[in-house]
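Engineer:
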Amino acid sequence: METYQNFDTSLGRVSKIFFFLIYIMSKIFLSITKDKLKKQQEKIKKQLAEISNRSKRKGGYSYEAKFPEYGRSEDENANEVADFADSISLGKSLENSLAETELALKKIVSNQYGICEICKKKINLQRLGILPTARYCLNCKNNKKNGA
Ligand SMILES: [Zn+2]
1 METYQNFDTS LGRVSKIFFF LIYIMSKIFL SITKDKLKKQ QEKIKKQLAE ISNRSKRKGG
61 YSYEAKFPEY GRSEDENANE VADFADSISL GKSLENSLAE TELALKKIVS NQYGICEICK
121 KKINLQRLGI LPTARYCLNC KNNKKNGA
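Position 52 of the sequence shown, counting from 1, maps to 52 under my numbering, and the rest follow consecutively.
1) Per DSSP, which residues does E64 bridge with? Please list them.
2) Alpha carbons only, please: which of F67, T133, E42, Q41 is nearest the one belonging to N53?
3) Could you tell me which residues DSSP pairs with I88 in its beta bridges?
4) Work out the CA separation of K144 and I118 for me, nearest whole Å.
5) Please tell me whether K34 and I115 are closer than 9 angstroms, where the distance is taken between their beta carbons.
6) Is it a yes or a no for the region 73 to 93 touching the region 129 to 148, going by three-plus beta-carbon pairs under 8 angstroms?
7) My guess is that A104 and I88 are in contact by the Cβ rule of under 8 angstroms, so how many angstroms apart are they, rounded?
8) With distances taken Cα to Cα, identify the nearest neighbour of G60 among L128, N142, A99, N124.
9) What did DSSP end up calling K120 once you bin it into helix, strand or coil?
Next comes the structure, spelled out in structure tokens:
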């Protein structure tokens, strides 16, 4: 009986240590992810600043693509228009990435990070490692894509 009890308490200790390790690892994972997201946020902001003018608006900032000035010739004007169009589409995709990044950072603060927005289950850590801004688990993402 005594040996059984000993076994029982040591099992309890092992599982405590096990859960403690998982807890520590998830804390480490979160802090690495937070770092990654902050760096990404800074990078996107820099890129946006290069191609657009930032102006304050309700709830955040809006970005307007800068119109380039190369010169007065027809060729130069055509290039200006082409690059302006590129800036607009690049700016849009950068703005989207910035919003996703900031959303992920907010979720870390509010303890919602890594939880699928649709099924509320935990998103696979491997997926989050590859795509730190993932909002859905792979299942829900595939369902969404298939229009289900
Ligand atoms: Zn899901």
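Glycine included, each C-beta is placed from N, C-alpha and C at the ideal position.
These numbers were taken from a predicted model, which means no experiment stands behind them.
Structural biologist: Taking the structure as given:
1) For E64, the beta-bridge partners assigned by DSSP are N53.
2) N53 has its Cα closest to that of F67, out of F67, T133, E42, Q41.
3) As far as DSSP is concerned, I88 takes part in no beta bridge.
4) Rounded to whole angstroms, the separation of the alpha carbons of K144 and I118 is 10 angstroms.
5) No, they are not a contact pair.
6) No, because fewer than three Cβ pairs between the region 73 to 93 and the region 129 to 148 fall closer than 8 angstroms, the two stretches do not touch.
7) Contact between A104 and I88 does not hold, since their C-beta atoms are separated by about 25 angstroms, which reaches or exceeds 8 angstroms.
8) Looking from the CA of G60, the closest CA among L128, N142, A99, N124 belongs to A99.
9) Judged by DSSP in its simplified three-state form, K120 adopts coil rather than helix or strand.
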